[in-house]
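Report on the following structure.
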Amino acid sequence: MAIKDIPVEECYIPGSAACPGCPATMAMRTVFKAIGKKMIMVVPACCTAVIESLHPNTSFDIPTMNIAFEAAAAGASGVEAGLRKQGREDITVVAWAGDGGTYDIGIQALSGAFERQTNFIYICYNNQIYSNTGIQRSGATPYAAWTTTTVSGKTEFRKEMGEIIQAHHPPYAAQTCIAYPEDLYKKVKKAKGIKGPKYIEIMAPCPPGWRFGMEKTVEMGTLSVETGAWALYEYENDMVTFNGKSKLILEGKIKLKPIEEWIKYQGRFRHLFVPKKDTERLKEIQDHIEKMWERYRSCYL
Amino acid sequence: MTSVMIDTGNYIAAKAAVMCKPDVVAAYPITPQTTLVEGVANYVGTGEFKGDYICVESEHSAMAACIGASATGVRTFTGTSSHGLLLMHEMLHWAALARLPVVMCNINRVVGPGWNIWPDENDSISQRDTGWIQFYCSSNQEIFDTVIQSFKIAENLNVSLPVMISYNAFILSHTSMPVFVPDQKDVDSFLPKRIPKWKLDVENPITFGNIILPHEYEKVRKDMQEAQEFALKLIPEIAKEWKNKFGRFHGDLIEYYKCDGAEYILLSMGAIGAESKVAIDNLQKEGLKIGLARVRALRPFPQKEVVKLSKKADLIAIDRNISVGMEGALFSELKGSLYGKSDGKVHGFIAGLGGKDVPFGDIEKMCKKVIDGKTEDHQIWYGFEEV
C-alpha cells in the first residue's frame with residue numbers, strides 16, 4: 012500500500028496543544044485513520060492528556076476517557092466489558108499510553124489485561140522519556156542519554172518491552188515507527204481485525220525531549236531503524252517476523268549504520284561528543300546494539 | 478415471594494449485588510472480603526449473575542475497570558477491604574470526580590503494620606474526603622437492603638456519585654444471620670435500569686477528563702458538594718420507599734433507637750451501633766435517660782439531625798477509628814456540626830481499634846462515665862484510661 016491509500020477522513024481535528032514536530036500526534040493521526048470512528052480511547056497521564064486540548068474543547072473526534080497514570084489497561088478492560096455487555100463489540104477499544112505509563116507505572120495493569128485476554132489494542136508511543144513531566148528517565152530511556160534525572164547520562168540499558176509482551180503470548184504484537192506511516196497503518200489495521208489483546212509500540216522521537224530540531228522528527232525515526240536502535244517487526248502465532256529495513260538488517264542484506272549517525276543529532280547525547288569524544292560509552296552503546304541483533308538473529312532468523 | 482436466606486454478611490452482600498444485575502463486576506480478593514467475591518463468582522457459575530466478572534490483578538485495577546465500564550453507561554459493583562481500599566484511593570477520587578455511580582462494599586478491617594484482619598474503621602474513615610457516599614451497616618439484613626438502595630441513590634442523576642457500603646470484618650462479614658430476600662421482580666421494580674449522566678459513545682464523541690482550568694475545576698467540586706447535599710434528602714426518601722415496598726427500615730441517615738425523652742444520646746456506627754442497642758436497653762432498665770442514634774451515613778453527614786439531637790441531650794460518640802493527631806472521626810464531625818448552632822456537649826470515646834471486642838457491658842460503662850459527670854474535656858481511650 013501507499014500513503015495515498017490511507018483514508019482522507021480525519022479524527023484528529025484542529026485545536027491540538029502538541030509541540031511542533033510532535034511524533035505522538037503524527038502517530039495518533041494515522042492510528043485514527045486505521046481504526047476509524049468506531050473506537051474509544053483510554054488515555055493515562057502522558058503528553059496526549061495535554062495534546063487533546065483544554066476542557067471543554069478537544070482535538071479528537073472520537074470518544075476519549077482520561078484515566079490515572081497506571082490504569083490505562085485496567086480502565087480499557089472495563090470499557091471493553093461495558094461495551095461487550097451492551098452488544099457493542101463493533102467498537103475497538105484502544106489504550107494509548109506513553110513509555111512511562113507502559114514500561115514503568117502501568118506495567119502491572121498491562122500485564123493483567125493481557126493475561127486476561129482482554130479484547131483491545133494497547134498502543135505505546137515510546138519517546139523514551141517521561142516527556143509530559145519535563146524529560147525524566149524511564150525504563151525505555153537508552154543508555155547514556157541525558158534526562159533531567161540522569162544528568163550525566165543514564166547508567167542502564169533500556170528494557171525490552173516487546174519481549175515482555177511476547178511472554179504473554181498475545182495473538183498480535185508489533186513494533187513500528189512514526190517514520191513509516193504505511194507500516195504503522197498496516198499494523199494497526201491488522202490488530203483491529205484480531206480478537207484478544209494486541210500490543211503496538213511506536214518509536215516516537217521527541218524534539219524537545221531528545222534535543223533535536225522540530226524538522227528532524229521523521230529523520231530521527233528513520234535513523235533509529237537504520238542504526239538498529241529500534242526494530243520493525245510483527246509477532247503473531249508465537250512467530251516474530253521482521254519487516255522493512257529491519258528485515259534487511261536481520262538477514263544481513265544491509266549493514267547497521269553506526270549508532271553515532273543517530274545520536275549525534277540529539278542533544279541528549281551531546282556529552283558523548285563534547286568537550287571530547289567519549290569513545291568508551293559510544294562503544295558500549297554500539298556493542299549493545301550489535302549484541303541485541305545477534306540475539307534477534309539467533310531467535311528469529 | 479420473599480424467602481429467608483441464612484448466610485454471612487459477605488454472601489448476603491453478593492446476593493444483593495447480583496439481584497441488582499450489575500453488568501460488570503471487577504474485583505480482587507482480600508481477607509475478609511474474599512467470600513464476597515467468591516459469592517459473586519459462584520453466581521457466575523450458577524448462571525444467576527449474567528454480567529461480566531473481571532478478575533483483575535489489583536484493587537487499583539478493580540476500581541479502574543469499574544470506572545471504565547461505568548463510563549460506558551452500565552451498572553458496576555465491586556468489594557474490597559483495608560489495604561485494598563487504600564490501594565484504590567487514587568481511583569476512588571477518580572470515580573467520584575468522574576461522577577460514576579460505582580457501588581462497592583468495604584469490609585472494615587485494620588490497616589497494617591502489623592498484619593491484623595479484625596474490624597476497625599480506619600480504612601474507610603481515611604477515604605471520607607474522596608467524594609463517595611458512605612454507609613455503615615449493623616446487620617446482614619441492613620447490608621442486603623443497603624446494597625440495593627445504594628444503586629438507586631448512586632444512579633439518581635442529581636447524585637451521580639459512587640457509594641461505599643462498609644460493614645465490620647467477621648462480626649458481620651463472616652457471621653450468619655437470617656435475611657429476608659425479596660423476589661427478583663420486586664427488586665427490578667424498585668431499581669430501574671441505569672440511565673447514565675454521561676457516557677463514552679461513538680455516536681457522540683466527547684473527551685472526558687482532559688485538562689481543566691481552576692475556575693472550571695472549582696465548579697466540578699461544587700457540583701459534587703451539591704450532589705452530596707441532594708443525597709441528604711434522597712437517602713431518607715429511598716429508605717421510606719423501601720419501607721413501604723418491603724416493610725423494613727434501618728433508619729435513614731441515622732437510626733434512632735429509644736431516643737424519646739433522652740437526656741443523653743449515644744452515637745456509634747457499624748457493629749458497635751448494633752451492640753449499643755443492648756447497652757441502651759440495659760441502661761434504660763436502670764432508669765437512665767439515654768437513647769441511641771446509630772449513624773448510617775457518614776457522607777453526606779447528617780449535620781442538621783445531630784444539631785437537633787444536641788439541643789435536647791448531651792452526645793456521646795464511640796469511634797472505632799482515630800485520625801491520629803486529632804481524634805475519632807465521629808467525635809470530630811459532631812463537634813464540627815454543632816459549632817455555632819448548638820451549645821450541646823459532646824463526649825468522645827475511642828474503642829475497639831485493632832478488632833478489640835466492644836461488648837455491650839463496655840458500652841454501658843462508657844455511657845455511665847459520662848452520665849456520672851466523670852469525663853474530662855477530651856476523648857477517652859477506653860481500656861487505657863480508667864472508666
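Line by line, the protein sequences give chains A and B. The working numbering puts the first sequence at residues 12 to 312. The working numbering puts the second sequence at residues 478 to 864. Positions of the beta carbon are idealized from the N, C-alpha and C atoms, including for glycine.
Inset, instruction - Measure the C-alpha to C-alpha separation of F723 (chain B) and A575 (chain B) and round it to an integer number of angstroms. - result: Along the second sequence, one-based indexing puts residue 723 (chain B) at 246. Along the second sequence, one-based indexing puts residue 575 (chain B) at 98. Their backbone Cα atoms lie some 33 Å apart in a straight line.
Inset, instruction - Mark E212 (chain A) as exposed unless 16 or more other C-beta atoms lie within 10 angstroms of its C-beta, in which case mark it buried. - result: Here residue 212 (chain A) corresponds to residue number 201 of the first sequence, with the count starting at 1. That one is buried.
Inset, instruction - Count the C-beta pairs between the segment 545-558 of chain B and the segment 480-500 of chain B that are closer than 8 Å, then say yes if the count reaches three, no if not. - result: The segment 545-558 of chain B, when compared against the segment 480-500 of chain B, does touch it at the 8 Å Cβ threshold.
Legend entry - Nearest neighbour of L577 (chain B), chosen from B:P713, B:T652, B:I630 [CA to CA]: The residue you call residue 577 (chain B) lines up with position 100 of the second sequence. Closest option to L577 (chain B), Cα to Cα, is B:I630.
Legend entry - alpha helix (DSSP H) segments (min. 4 residues) lying fully within the segment 150-207 of chain A: Those alpha helix (DSSP H) runs which fall completely within the segment 150-207 of chain A and span 4+ residues are 172-177, 192-203.
Inset, instruction - Spell out whether any CB of chain A is found under 9 Å from the CB atom of H537 (chain B). - result: The count along the second sequence starts at 1 and reaches residue 537 (chain B) at position 60. Yes, because at least one Cβ of chain A sits closer than 9 Å to the Cβ of H537 (chain B).
Inset, instruction - Keeping to the same chain, check which residues put their C-beta closer than 8 Å to that of L638 (chain B); ignore five residues upstream and five downstream. - result: Position 161 of the second sequence, counting from 1, holds the residue named residue 638 (chain B). The residues are A573, R576, P578, G608, W609, I610, A631, M701, A704, Q705, A708.
Legend entry - Per DSSP, the bridge partner or partners of D484 (chain B): Sequence index remark: in the second sequence, residue 484 (chain B) carries index 7 (1-based). By DSSP's assignment, D484 (chain B) forms a beta bridge with B:M654.
Inset, instruction - Closer than 7 Å, Cβ to Cβ, to anything on chain B: give me those residues from the segment 87-102 of chain A, in chain order. - result: Flagged, chain order: A87, S88, G89, V90, A92, G93, L94, R95, K96, Q97, I102.
Legend entry - Spatial distance of N645 (chain B) from P659 (chain B) (CA atoms): Position 168 of the second sequence, counted from the first residue, corresponds to residue 645 (chain B). Position 182 of the second sequence, counted from the first residue, corresponds to residue 659 (chain B). Pairing N645 (chain B) with P659 (chain B), the inter-Cα distance amounts to about 24 Å.
Inset, instruction - Kindly identify the DSSP beta-bridge partner or partners of R771 (chain B). - result: To locate residue 771 (chain B), count along the second sequence from 1; it is residue 294. B:E732, B:S745.
Inset, instruction - With DSSP as the reference, please indicate the residues paired to F663 (chain B) in a beta bridge. - result: The sequence position of residue 663 (chain B) within the second sequence is 186, counting from 1. Correcting the residue type first, residue 663 (chain B) is Asp in the shown sequence and not Phe. In DSSP, D663 (chain B) forms no bridge with anything.
Legend entry - Every unbroken beta strand (DSSP E) inside the segment 221-270 of chain A [3 residues or more]: If we require 3 residues or more, the beta strand (DSSP E) runs fully inside the segment 221-270 of chain A come out as 244-247, 250-253.
Inset, instruction - Could you please tell me which residues of the segment 66-86 of chain A, in chain order, have their CB closer than 7 Å to any CB of chain B? - result: Answer in chain order: H66, T69, F71, D72, I73, P74, T75, M76, N77, I78, A79, E81, A82, A85, G86.
Inset, instruction - Verify the CB distance criterion: does Q147 (chain A) have a CB-CB separation below 9 Å to chain B? - result: Taking the first sequence and counting its residues from 1, one reaches residue 147 (chain A) at position 136. Using a Cβ-Cβ cut-off of 9 Å, Q147 (chain A) does not count as an interface residue toward chain B, since no Cβ of chain B sits closer than that to its own.
Legend entry - Where R776 (chain B) falls: helix, strand or coil (DSSP): As a first step, residue 776 (chain B) is located in the second sequence; it is residue number 299 there, counting from the start. DSSP, read as helix, strand or coil, puts R776 (chain B) in strand.
Legend entry - Cβ-based contacts, 8 Å cut-off: residues of the segment 37-60 of chain A near chain B: Here the close residues are K48, K49, M50, I51, V53, A60.
Inset, instruction - Give a yes or no on whether the minimum CB-CB distance between E63 (chain A) and chain B is below 9 Å. - result: Mapped onto the first sequence, residue 63 (chain A) falls at position 52. At least one chain B Cβ lies under 9 Å of E63 (chain A).
Legend entry - CB contact below 9 Å: E20 (chain A) versus chain B: If you number the first sequence from 1, residue 20 (chain A) lands on position 9. No, no contact with chain B.
Inset, instruction - Please determine if the segment 28-38 of chain A and the segment 75-94 of chain A are in contact, where contact requires at least 3 C-beta pairs separated by less than 8 Å. - result: The segment 28-38 of chain A is not in contact with the segment 75-94 of chain A.
Legend entry - Cβ contact check for the segment 114-123 of chain A and the segment 64-72 of chain A: 3 or more pairs under 8 Å: Taking 8 Å as the limit for Cβ pairs, the verdict is that the segment 64-72 of chain A does not touch the segment 114-123 of chain A.
Inset, instruction - Kindly list, in the order they appear in chain B, the residues whose Cβ is closer than 7 Å to that of G123 (chain A). - result: Residue 123 (chain A) sits at position 112 when you count from the first residue of the first sequence. Within 7 Å Cβ-Cβ: V533, E534, S538.
Inset, instruction - Note down the Cα distance separating E598 (chain B) from M478 (chain B), rounded to an integer number of angstroms. - result: Numbered from 1 along the second sequence, position 121 holds the residue referred to as residue 598 (chain B). Numbered from 1 along the second sequence, position 1 holds the residue referred to as residue 478 (chain B). So the alpha carbons of these two residues sit roughly 36 Å apart.
Inset, instruction - Quick one: grab the DSSP three-state call for L325 (chain A). - result: Residue 325 (chain A) falls outside the range modelled here, since chain A spans only 12 to 312, and no answer is possible.
Inset, instruction - May I have the straight-line CA-CA distance separating W157 (chain A) from N137 (chain A), to the nearest angstrom? - result: On the first sequence, residue 157 (chain A) is found 146 positions in, with the first residue counted as 1. On the first sequence, residue 137 (chain A) is found 126 positions in, with the first residue counted as 1. It is roughly 16 Å from the alpha-carbon of W157 (chain A) to the alpha-carbon of N137 (chain A).
Inset, instruction - Give the single residue among B:A748, B:V755, B:L786 whose Cα lies nearest to the Cα of R435 (chain B). - result: The structure shown has nothing for residue 435 (chain B), since chain B only spans 478 to 864.
Inset, instruction - Could you tell me which of B:H824, B:R797, B:G860, B:S819 sits nearest to V587 (chain B), measuring between CA atoms? - result: On the second sequence, residue 587 (chain B) is found 110 positions in, with the first residue counted as 1. Looking at B:H824, B:R797, B:G860, B:S819, the one whose alpha-carbon comes closest to that of V587 (chain B) is B:R797.
Legend entry - DSSP-derived helix/strand/coil call for I51 (chain A): By one-based count along the first sequence, residue 51 (chain A) stands at place 40. Note: I51 (chain A) maps to strand in three-state DSSP.
Inset, instruction - Along the alpha helix (DSSP H) that carries A516 (chain B), what are the first and last residues, could you check? - result: Position 39 of the second sequence, counted from the first residue, corresponds to residue 516 (chain B). A quick correction: the sequence has Gly, not Ala, at residue 516 (chain B). From DSSP, the alpha helix (DSSP H) with G516 (chain B) extends over 511-523.
Legend entry - Check whether D729 (chain B) and A739 (chain B) have beta carbons under 9 Å apart: Taking the second sequence and counting its residues from 1, one reaches residue 729 (chain B) at position 252. Taking the second sequence and counting its residues from 1, one reaches residue 739 (chain B) at position 262. In this structure, A739 (chain B) does not lie closer than 9 Å to D729 (chain B) by Cβ.
Inset, instruction - Please compile the residues from chain B whose C-beta is within a distance smaller than 7 Å of the C-beta of A29 (chain A). - result: Taking the first sequence and counting its residues from 1, one reaches residue 29 (chain A) at position 18. For A29 (chain A), no chain B residue has a C-beta closer than 7 Å to its own C-beta; the minimum C-beta separation is roughly 13 Å.
Inset, instruction - Answer with yes or no whether the minimum CB distance from Q119 (chain A) to chain B is below 9 Å. - result: Start at 1 with the first residue of the first sequence, and residue 119 (chain A) comes out as number 108. Yes - at least one Cβ of chain B is within 9 Å of the one on Q119 (chain A).
Inset, instruction - Please check if any C-beta of chain B sits within less than 9 Å of the C-beta of R308 (chain A). - result: Position 297 of the first sequence holds residue 308 (chain A). Cβ-Cβ to chain B under 9 Å: no for R308 (chain A).
Legend entry - Which of helix, strand or coil DSSP assigns to G738 (chain B): Taking the first residue of the second sequence as 1, we reach residue 738 (chain B) at position 261. Coil, per DSSP.
Inset, instruction - Have a look at B:E619, B:V640, B:Q626, B:D678 and flag the residue whose alpha-carbon is nearest the alpha-carbon of S650 (chain B). - result: Sequence index remark: in the second sequence, residue 650 (chain B) carries index 173 (1-based). Comparing Cα-Cα distances from S650 (chain B) to each of B:E619, B:V640, B:Q626, B:D678, the minimum goes to B:E619.
Legend entry - For T75 (chain A), three-class secondary structure by DSSP: In the first sequence, the residue the question calls residue 75 (chain A) occupies position 64. Here T75 (chain A) sits in strand by DSSP.
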